[in-house]
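Novice: Handing you this structure, nothing more for now.
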Amino acid sequence: MTARTTEAVALDRVRRRVAAIGFLAVTIHGVLGLIGVSYVLLDQGRRSDAGLLTFMSGVVALIVCAATRAILGARPFSLVWSAVALVPTAAAYVLLF
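Residues 3 to 99 in my numbering are what the sequence shown lists, from first letter to last.
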């Protein structure tokens with residue numbers, strides 16, 4: 003590889019990481035927002051709606067995890083990273099229900 007090719011590969015790696023961090027920083031608010039809304043609905047006595055929104059936060063978390071890994075150029079599905087992505091949802095189920 004030439005120096006120019008090595009530099010292009012390194013630049014592409016940095017570009018992907020910056021894009022992935024930006025994407026994750028924006029989309030994680032959707033996951034946490036769904037958990038927050040489920041907390042509000044639970045206070046209103048709408049337990050089934052709160053449960054469904056908490057479940058949806060897990061679905062959104064898995065989609066965000068797969069998309070972030072795709073941006074990084076990795077295989078979108080990883081069992082370990084999927085489990086890590088579901089930690090906020092699992093914590094919400096434990097704390098809310």
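Just so it is clear, CB atoms sit at the ideal spot from N, CA and C, and this is done for glycine as well.
#1: Excluding the 5 residues flanking L44 on each side, which residues of the same chain have their C-beta closer than 7 Å to its C-beta?
#2: Compute the Euclidean distance between the alpha carbons of L26 and V86, then round it to the nearest angstrom.
#3: So which of R6, I23, V39 has the shortest CA-CA distance to T56?
#4: Output needed for L64: all residues of its chain with C-beta closer than 8 Å, excluding positions within five of it in sequence on either side, in chain order.
#5: Taking the alpha-carbon of G75 as reference, which of R6, A22, A5, T8 has the nearest alpha-carbon?
Specialist: Per the coordinate set shown:
#1: In the sequence shown, counting from the first residue as 1, residue 44 sits at position 42. Here the set comprises A52, L98.
#2: Locating residue 26 in the sequence shown gives position 24, counting from the first residue. Locating residue 86 in the sequence shown gives position 84, counting from the first residue. So the two alpha carbons sit approximately 14 Å from each other.
#3: On the sequence shown, residue 56 is found 54 positions in, with the first residue counted as 1. Among R6, I23, V39, the Cα nearest to that of T56 belongs to V39.
#4: Here residue 64 refers to the residue found at position 62 when the sequence shown is read from its first residue. Excluding residues within five positions, the ones whose Cβ falls inside 8 Å are S84, A87, L88.
#5: Taking the first residue of the sequence shown as 1, we reach residue 75 at position 73. Here the closest residue by C-alpha is A22.
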